[in-house]
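> Below: one structure in structure tokens.
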Amino acid sequence: MARPAVFLDRDGTIVREADYMRSVSQLRLLPGAAEAIRRLNEAGFAIVVTTNQSGIARGLLTEADLAEIHAALTNRLARRGARLDGIYYCPHHPQAALPAYRKRCRCRKPAPGLLLRAARELGLDLSRSFAVGDSRRDVEAGKRAGCSTILVRTGYGAEAAGAPGGESTPDHVADSLAHAVPWILERMSGRRWRTCRRR
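According to our numbering, the sequence shown is numbered sequentially starting from 1.
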């Protein structure tokens, strides 16, 4: 059976918002984030980071710089017993300074392309998965992929929580990733999930 996943935005959800993080020196884990990921690992979820990184398109960092940041993130989480099953990013922007990255793509959130690609490559069940982020575009991408969605108030989330809803209305709002985990685990063990398993 395909695994359920928790798709996590990076900036403002796992790490502090740095306004186009350009180097490892700016990388700061949010309080409780590693422990939250570890709990989700233990519950059997695949943990996948999905992140827009238009700083590449804007010429603020390279894909090699981003690879260093993500290696450092993976290592810091691992030191606290937390594991990522994948990191998927979109380097594009429709008005990119660099022509190679100037495009309207299917991977830039709120498009669901990153989640759909991860589901194909990692064998994930999107209908039993969750998308967590600090912006309405994270929520919309999750909904368009068929996931349950959580908006966290860290990063830009406090401002986003008061914005109009529509397709970007989350299923739940939590103060942080750590506060989102109990809701995820409750949903996993609830009636809806037991019914899915019986089928």
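Idealized CB from N, CA, C, for every residue including glycine. Every value quoted in this text rests on a predicted model; they were computed, and no experiment measured them.
Less than 8 Å separating the beta-carbons of Arg3 and Ala46?
Going by C-beta atoms, Arg3 is nearer than 8 Å to Ala46.
> Ignoring anything shorter than 4 residues or poking outside the stretch 126 to 196, list the alpha helix (DSSP H) runs there in chain order.
Counting only runs of 4 or more, we get 136 to 145, 157 to 161 and 177 to 189.
> For Leu185, tell me which candidate among Leu61, Asn41, Arg104 and Gln26 has the shortest Cα-Cα distance.
With distances taken between Cα atoms, Leu185 lies closest to Asn41.
> Straight-line CA distance for Ile227 to Glu159?
Nothing can be reported for residue 227, as the shown portion of the chain is limited to 1 through 199.
> Sorted by chain position, which residues of the same chain lie with C-beta nearer than 7 Å to Gly12's C-beta, five sequence neighbours on each side aside?
These residues qualify, in order along the chain: Asp134, Thr154, Gly155, Tyr156 and Gly157.
> So what does Gly86 bridge to, in DSSP terms?
In the DSSP output, where bridge partners are listed per residue, Gly86 has Val48.
> Exposed or buried, which one is Gln53 when buried takes at least 16 other CB atoms within 10 Å?
Label assigned to Gln53: buried.
> So, Val173 versus Leu151, is the Cβ gap smaller than 8 Å?
Contact flag set, yes.
> Buried or exposed: where does Ser127 fall if 16 or more other Cβ atoms within 10 Å of its Cβ makes it buried?
Exposed, since its Cβ has fewer than 16 Cβ neighbours within 10 Å.
> Taking a contact to mean a Cβ-Cβ separation below 8 Å, would you say Ala97 touches Arg58 in this structure?
Yes, they are a contact pair.
> When you measure from the CB of Gly32 to every non-hydrogen atom of the ligand NAP, does any distance come out below 7 Å?
Absence of the ligand NAP from the depicted structure is noted, as is the absence of any ligand whatsoever, leaving it without description.
> Between the alpha carbons of Ala71 and Ser129, how many angstroms are there, rounded?
Those two C-alpha atoms are separated by around 25 Å.
> What are the boundary residues of the alpha helix (DSSP H) that Leu66 is part of?
From DSSP, the alpha helix (DSSP H) with Leu66 extends over Glu63 to Arg79.
> From this set, Leu66, Glu35, Lys143 and Asp85, which residue's C-alpha is nearest Gly113's C-alpha?
Here the closest residue by C-alpha is Lys143.
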